[in-house]
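Asks:
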Ligand code: UDP
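Listed below in structure tokens is the structure:
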């Protein structure tokens, strides 16, 4: 895919000419395609720096409940509406969010682009076993991506990880440690890196490694990915309840 930097409709770093605010979080109103071609690809081609949060209802609820997390999410350059609940809330509030942008799909598009452009990526997160399996899959499916490094997400000391990233200056750093850990880690280290697109991707490494199955397309199209995950991983019930609590709060507070 070709990228013309002059085509950028908005400042690639801000990427958000008309943000849509739901519960004090500014979501991008761009479609996935617009976000990629007008913001993220130009960020990558211009070797700039960018922090993306893909926020679902549970993450928005976390911003209310976990001290300091709201500031972290608000500090992101781009917050992506990941989760049917965010789109439903926007519709209810009559705000112009175009579509749900699943973080997993955004990651796949970025990997595709990185492969086309021979970009370098660092992969942080998941268990040690999943991380190795995941890297094998990346090597197989995206052979042109330069792997700047990878590390599992259960470390005590991140000095070596930070050193590796600042020395290898990867174009993209994917952090798969779940919310809020991944975003906390990105913001706590971000100042030490000169460039790169940093993005938390939750359980995406588990899916690519084949450890966890994503919902079939039909379920995704019906906005029932959450139900599929719940049936496969019943421990998610608390999270689902929080997603419903989010919708109720939006209706009650109208914000
Ligand atoms: N994880 C990690 N370090 C931690 C906690 C979790 O690397 O300290 C990983 C975990 O192995 C899994 C991912 O983070 O690969 C979180 O997945 P989950 O499905 O919970 O994230 P979600 O997609 O729901 O945000």
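In this note's numbering, the protein residues as written are 728 to 982. Beta carbons: idealized from backbone N, C-alpha and C, even for Gly. In this text the structure is predicted, and so the values were computed from the model without any measurement.
Considering only residues of the same chain and omitting the five flanking positions on each side of residue 865, which have a CB-CB separation below 6 Å?
Replies: Cβ neighbours of residue 865 beyond the five flanking positions: none.
Asks: Output yes or no for whether 7 Å exceeds the beta carbon distance between residue 916 and residue 889.
Replies: Yes, these two residues count as a Cβ contact at 7 Å.
Asks: Going by the DSSP bridge assignment, what does residue 766 pair with across the sheet?
Replies: Answer is none; residue 766 lacks a bridge partner.
Asks: Run the CB neighbour count on residue 881, radius 10 Å, all protein chains shown included, and call it buried at 16 or more, exposed below.
Replies: When all chains shown are included, residue 881 counts as exposed.
Asks: Straight-line CA distance for residue 793 to residue 850?
Replies: Taking the straight line joining both Cα atoms gives about 26 Å.
Asks: Is the segment 822-836 close to the segment 851-865, with three or more CB pairs under 8 Å?
Replies: They do not touch, by the three-pair rule.
Asks: DSSP state of residue 753, grouped into three classes?
Replies: Here residue 753 sits in strand by DSSP.
Asks: Find out if the Cβ-Cβ distance for the pair residue 812, residue 970 is shorter than 7 Å.
Replies: Yes, the pair counts as a contact, with Cβ atoms nearer than the cut-off.
Asks: Which partner residues does residue 889 have in the DSSP bridge list?
Replies: Partner(s): none; residue 889 has no beta bridge.
Asks: Pull up the distance between the alpha-carbon of residue 782 and that of residue 806, whole angstroms please.
Replies: Between residue 782 and residue 806, the C-alpha separation is close to 6 Å.
Asks: So what's residue 880 in DSSP terms, helix, strand or just coil?
Replies: Coil.
Asks: From residue 956 to residue 784, what distance separates their C-alpha atoms?
Replies: For residue 956 and residue 784, the distance between alpha carbons rounds to 15 Å.
Asks: Using CA atoms only, rank isn't needed, just tell me which of 935, 924, 905 is closest to residue 963.
Replies: Checked all of 935, 924, 905; the closest Cα to residue 963 is 905.
Asks: Hey, could you find the ends of the alpha helix (DSSP H) residue 812 is sitting in?
Replies: 811-819 is the span of the alpha helix (DSSP H), which, as asked, contains residue 812.
Asks: Under 6 Å from any heavy atom of the ligand UDP, does the C-beta of residue 815 make it?
Replies: Every heavy atom of the ligand UDP is 6 Å or more from the Cβ of residue 815, so no.
Asks: How would you write the range of the beta strand (DSSP E) that residue 961 sits in, first residue to last?
Replies: Premise fails: residue 961 is in no beta strand (DSSP E) and is neither H nor E.
Asks: CB-CB under 6 Å to residue 829, same chain, minus the five flanking residues each way: which ones, in chain order?
Replies: Answer for residue 829: 809, listed in chain order.
Asks: Can you tell me whether residue 734 is buried or exposed, with buried defined as 16 or more other CB within 10 angstroms of its CB?
Replies: Since pLDDT at residue 734 reaches only 41, below the 50 mark, its modelled position is unreliable, and the value read off the structure follows with that caveat. Residue 734 should be labelled exposed.
Asks: Quick one: using the 10 Å Cβ neighbour count with 16 as the cut-off for buried, is residue 944 buried or exposed?
Replies: Exposed: under 16 other Cβ atoms inside 10 Å.
Asks: With 16 other CB atoms within 10 Å as the buried threshold, where does residue 910 fall?
Replies: Result: buried.
Asks: Is residue 824 helix, strand or coil by DSSP?
Replies: In this structure, residue 824 counts as coil in the three-state DSSP scheme.
Asks: DSSP beta-bridge partners for residue 782?
Replies: According to DSSP, residue 782 bridges with 808.
Asks: Please report the residue range of the beta strand (DSSP E) in which residue 920 lies.
Replies: Counting along the chain, residue 920 falls outside any beta strand (DSSP E), and DSSP gives it neither H nor E.
Asks: Cα separation between residue 877 and residue 981?
Replies: Between residue 877 and residue 981, the C-alpha separation is close to 42 Å.
Asks: Just confirm the distance between the C-beta atoms of residue 841 and residue 869, as a whole number of angstroms; I'd bet it's less than 8 Å.
Replies: Between residue 869 and residue 841 the Cβ distance is about 7 Å, and since that is below 8 Å, they are a contact.
Asks: Can you determine whether any heavy atom of the ligand UDP sits closer than 6 Å to the C-beta of residue 880, and answer yes or no?
Replies: Checking the Cβ of residue 880 against the ligand UDP gives yes.
Asks: Sorted by chain position, which residues of the same chain lie with C-beta nearer than 6 Å to residue 826's C-beta, five sequence neighbours on each side aside?
Replies: Excluding sequence neighbours, residue 826 sits near 758.
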